[in-house]
Structure formats: C-alpha cells, structure tokens
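Here is the structure we will look at.
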Amino acid sequence: MDSPSTEISITKILPDIPGINNIPRTLDLEPFPHKHLMEFLKPDLYDDLCQLFNEVLARGILLPSDPFEPDKFKGFTYGFDAAFWQPPPDFGYPINEFYSSKWIEFFSKLFDVPLSYDISLTFHHQRFNSKPFAAHTDYCVVGMSKRFFFNKKVRQHYFDTPYFIKDETEGKRLNLSVQMRSVVGIFYLNNPPWHEVNGGETGLYDSYESFTLGNPVKKIPPISNSLLTFETTPNSFHTYLPNRAKVRNTMIFWLHTPIKQKINRFQGELPTEYSYARYTK
C-alpha cells in the first residue's frame, strides 16, 4: 500500500511578480501546508532590503520601556525576546514592493485561500542566544486599520492602532476592520552563513504537545533570501528555536481573511489565541 503523499501540486496559475525569483510548483503538507523557498527574491531587491535593514539597525535598539520612535528597532513588551521595526506607511521602495495586489493574490492562489487586501509587515532582529518562545498557531483575530492605502486597494496595518483585539465589538468601536491572520510569511534576510549547530530554525509541530516534548516535525533553517510561508490553521504550531551562535533576522508579514470565511474553512473552529472572543458562523 502506497504511503500518503507529503506534498501536493499547485493547480492555480500564480501571478508574475517582478521581484520574485522562485515560483513554487508544490506545497508541503506535513505537519501543515507550507513551503520553504530558497533564493526567493531577485538579487537587486534582496540587496536593497538588506541595506535598509542594516541602516535601521545601525540607529540602535530601543528598550521595550522606551518611547516609540518610527525609525528605530524596539524591543517587544510581551516576552518575545526580539526587537521589531515596522516601516511607516509612506516609506516607499523597497517596502512598497510587498504592498501590491499581485503580492497578495500570489499567496491567495498558492494556498487557495480567500484574502482581503490587508497586510501587516514588520522586521525582527534577534540577538544570538535569544530566549525561546512558546509554539503558537497565528490562527487569531486582529484589527486592521482602514486608513493607509497603497494603489487605492492594499491597506497596511500600522502600530498606531491596536492589532490584537478583544472581539468584533471592540474592533467596530475602534473603527477597525476585524479579520483573522490567514497566511504567514517569514522571510530570512541578512543572516550570517548558517550551520546546523547554530540553531535559530523555525520549528513546525503537529500539536502543542509535540512542542512541549521538543519534537518538531520539521526545522526550517534561517538561510538568507529564503521564505517560509504557510496558511494559519487551528494546528499550525510553530516557533523559533534558540539561536545558539548567531543573530537571526527576518521580515515577517501576515495576510488576512474575514472571520467567517476563515473559520468556515475549518468546520467553524474558533480562534483562541490572543483573543478569547467567540464567533458564530
């Protein structure tokens, strides 16, 4: 008897995006649908992104308790041992390359999931020997700003409005578009040459119990100019593994789906991360 396939072919034609160098033909299924794409961006765009990253990092890193400054990295306040920088909405090149309708349509067709034109994008910097973080799914409710548009279509969430919200009522009160995280992209950039002893991989798990036992199904190495992307599901458990020797740098983006459309993909299974609000079909 043949064993089940661990990958599926992508049936939809993905849009051609000038900056993308590696177009996937299949999706890996274990432990949940995902793809790791090497040499993902074309060299010019990748180099410009790294240059920007270095310029911002050279300005220093604010402590979590410091006032927010839009042109510097800042430490997270909720136990995630990393610093983040989110480009402001009017930043321009090379960030605007990722705020196109084709970019969102690419991932919508890749995972065959309906996506809104709302995106949240941020850069992360982790010093070597960063503390581990619990496995999580990103299958959660968020509030998207309605104010920042690119090409009159794509909207960017910016940190001047709440992102993790209590429920739909709170989102409406704050004039937010209430949605769910639906597709995650982890783009590794500007990292030193990687060897297995360095750690810093992204661990993928088939359950939270597997995380507690230290048994990732797969470990994705943080190789520069590679992208790990997956659809969020009630079981898309993942986290970064300790980077024992070197820094770990990433650009993270989240694409979104309206709540009812998303939970209907998973038999109405409700989100429990970040928000404990309950939704009905």
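58 is the number that my numbering gives to position 6 of the sequence shown; each next residue is one higher, with no gaps.
For glycine and all other residues, C-beta sits at the position ideal for the given N, C-alpha and C.
{"Check": "Can you give me the C-alpha to C-alpha distance between Val206 and Ser168, rounded to a whole angstrom?", "Outcome": "8 Å"}
{"Check": "Please report the distance separating the alpha-carbon of Cys102 from that of Phe175.", "Outcome": "11 Å"}
{"Check": "Where does the unbroken alpha helix (DSSP H) through Glu107 begin, and where does it stop?", "Outcome": "95-109"}
{"Check": "Tell me whether Val193 sits in a helix, a strand or coil according to DSSP, three-state version.", "Outcome": "strand"}
{"Check": "Please state whether DSSP places Val165 in a helix, a strand or coil.", "Outcome": "coil"}
{"Check": "By how many angstroms is the C-alpha of Glu157 removed from the C-alpha of Ile72?", "Outcome": "13 Å"}
{"Check": "The alpha helix (DSSP H) spanning Gln313 covers which residue range?", "Outcome": "311-316"}
{"Check": "On the criterion of 16 or more Cβ atoms from any shown chain inside 10 Å, does Ile272 qualify as buried, or is it exposed?", "Outcome": "buried"}
{"Check": "How big is the Cα-Cα spacing for Gln178 and Phe150?", "Outcome": "22 Å"}
{"Check": "How far does the alpha helix (DSSP H) with Tyr260 in it reach, from first residue to last?", "Outcome": "260-264"}
{"Check": "Residues bridged to Asn242 by DSSP?", "Outcome": "None; Asn242 has no bridge partner."}
{"Check": "Who are the near neighbours of Thr189 in its chain, counting only those whose CB is closer than 8 Å to its CB and skipping five residues on each side?", "Outcome": "Thr284, Thr285, Pro286, Asn287, Ser288, Phe289, His290, Glu325"}
{"Check": "Counting only the same chain and skipping the five closest in sequence on each side, list residues whose C-beta sits under 7 Å from that of Asn250.", "Outcome": "Asn295, Arg296, Ala297, Lys298"}
{"Check": "Counting C-beta neighbours from all protein chains within 10 Å, is the total for Ala186 16 or more, i.e. buried, or is it exposed?", "Outcome": "exposed"}
{"Check": "Here's the rule: buried if 16 or more other CB atoms are within 10 angstroms of the residue's CB, otherwise exposed. What is Thr58?", "Outcome": "exposed"}
{"Check": "Cβ of Leu79 within 8 Å of Cβ of Ile65?", "Outcome": "no"}
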